[in-house]
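Everything in the sequence shown is counted per the UniProt record's numbering, starting at 1 for the first residue and increasing by one.
The block underneath contains the structure these notes are about, expressed in structure tokens.
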Amino acid sequence: MRSLIVIQTETARSSPEYSDQPTSSPKVILQEYGYFVCTASTLERAKVMVNKADAAVLDLPVGELKGWGKELLWTRSLPLIWWCSASSASESLEACEENVTVDGILTPSMSEQELHWALHFSSRQYFERKQWQSERAQMMAQLEDRKWIDMAKGILSKMKNISEAEAYDFLRKQAMNERKRIVDVATSIVKVYQLLKESK
């Protein structure tokens with residue numbers, strides 16, 4: 001992880017913390033530690049720059065993280081890391097209960113090694129989160145498939161006066177004959193049955 005985009009709204013950039021000590025800005029610190037950093041304060045610029053970044057560092061109050069994170073992830077999936085400075089932390093007290101997805105936290109007081117390790121673990125957290133989301137999507141798809149198959153078995157059992165096991169065998173054979181997935185055959189049966197029911 002070498003290339004970072006820092007999201008920093010005009011409010012954050014004009015905070016006394018950065019105007020009094022410009023060396024505490026995330027861009028300055030990250031560049032000092034050898035990272036290539038670009039900044040964005042508008043969504044339009046962020047959407048362009050995010051394609052060149054390995055991660056997004058969000059120098060924002062917690063209340064703004066969810067909205068920005070959602071917009072960035074629509075453009076490109078990448079690790080989201082919160083820059084927890086004194087000003088962003090103090091502006092975030094009322095948003096403590098928000099359900100915000102971040103993969104890590106950085107602070108201005110971190111040493112170079114601490115920052116490198118925090119970014120490393122943030123990257124790992126991101127990949128674990130993506131894997132979990134992928135597994136969850138697969139499970140939801142399997143549940144949806146199971147629903148169609150169960151509905152089709154019920155219809156076949158009722159119409160052909162057969163057991164559900166026999167109805168499943170029928171679906172399986174039909175799928176093999178048509179070279180389709182069982183769920184596709186089941187979905188067709190359910191939809192035809194529903195159309196017939198509505199036409200009556």
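For each residue, glycine too, the CB sits at the ideal point set by N, CA and C.
Predicted, not measured: the structure shown is a model, and the values here were computed from it.
query, result
"Under 7 angstroms between C-beta atoms of D103 and P79", "yes"
"Boundaries of the alpha helix (DSSP H) in which G104 is found, first to last residue", "From DSSP, G104 is part of no alpha helix (DSSP H) but of the beta strand (DSSP E) over G104 to L106."
"Own chain, CB closer than 7 angstroms to N51, minus 5 neighbours either side, in chain order", "R76"
"Whole-Å CB distance - L171 paired with V185, under 8 angstroms assumed", "6 angstroms"
"Buried versus exposed, by CB contacts within 10 Å (16 or more), W132", "exposed"
"Residue range of the alpha helix (DSSP H) that includes I155", "E112 to K160"
"8 angstroms contact criterion, which A167 and K147 should meet: CB distance rounded", "Actually they do not touch by this definition, with Cβ atoms about 15 angstroms apart."
"Cβ neighbours of K27 in the same chain (closer than 6 angstroms, five flanking residues each side left out)", "V6, V37 and T39"
"Close-in-space but distant-in-sequence residues of the same chain around E112 (CB under 6 angstroms, 5 per side omitted)", "Y33"
"C-beta contact flag for L134 and A53 at 7 angstroms", "Note on residue identity: the sequence assigns Ser, not Leu, to residue 134. No."
"Boundaries of the alpha helix (DSSP H) in which T75 is found, first to last residue", "V62 to T75"
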